[in-house]
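Below is one structure, written out as structure tokens; the observations come after it.
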Amino acid sequence: MRADAVRGHLDGLLLAVLETGPLHGYAIISTIQERSGGALELPTGTIYPALNRLERLGLLDSSWQSVGERRRRCYQLTDAGRRSLDTQRGAWREFTATISAVLNPAPAPRTAR
């Protein structure tokens, strides 16, 4: 699946992955790929600008941590990020229900003959 397929939903994906705890960028990318069964392979050029934007908006915090012998920037949700994730999940449920209703309409009721 192409990266542009998640346009408009990337923030929610990133917040959801970070809900379980802090992760560095590569681990975020790997988790998204794993959870999607390999369908979502998002490039670093998509992920890192979004993480920086979410941090500027106050939805994420970041700090430098040692991971093995490397120092990596780890991201974690803020309280505002958790609230935003809840809001985005509600919007996603509404969106998918609406699209499903259009793509899979209920069969027309049978009329008695």
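Letter 47 of the sequence shown, counting from 1, is numbered 73 in my numbering, and no numbers are missing.
In this text, a Cβ means the ideal position worked out from N, Cα and C, and glycines have one as well.
Small disclaimer: the values here were computed from a predicted structure and weren't measured.
Residues near residue i in its chain [Cβ-Cβ closer than 7 Å; skip 5 each side]
| i | result |
| --- | --- |
| L40 | I54, A76, L77 and L80 |
| I73 | G51, I54 and I55 |
| I58 | L39, V43, L66 and L68 |
| T104 | G84, L85, L86 and D87 |
| A106 | G84 and L85 |
The alpha helix (DSSP H) enclosing residue i, as first and last residue numbers
| i | result |
| --- | --- |
| G38 | L36 to L44 |
Cβ pair residue i, residue j closer than 9 Å
| i | j | result |
| --- | --- | --- |
| V43 | R61 | yes |
| D37 | L68 | no |
| R82 | W90 | no |
| R10 | E45 | Residue 10 lies beyond the stretch modelled for the chain, which goes from 27 to 139, so this question has no answer here. |
Cutoff 6 Å; reference residue i; Cβ partners in own chain excluding five residues on either side
| i | result |
| --- | --- |
| F48 | The sequence given here has Pro at residue 48, not Phe. Closer than 6 Å at the Cβ level, and outside the excluded window around P48, lie C100 and Q102. |
Neighbourhood of residue i by C-beta, 8 Å cutoff - its chain only, sequence neighbours within 5 removed
| i | result |
| --- | --- |
| G71 | none |
| S1 | Outside the shown range of the chain, which is 27 to 139, sits residue 1, and nothing can be said about it. |
Go through the stretch 51-137 residue by residue and report every complete run of the alpha helix (DSSP H) that reaches 4 residues or more, in order.
-> 51-61, 70-82 and 105-129
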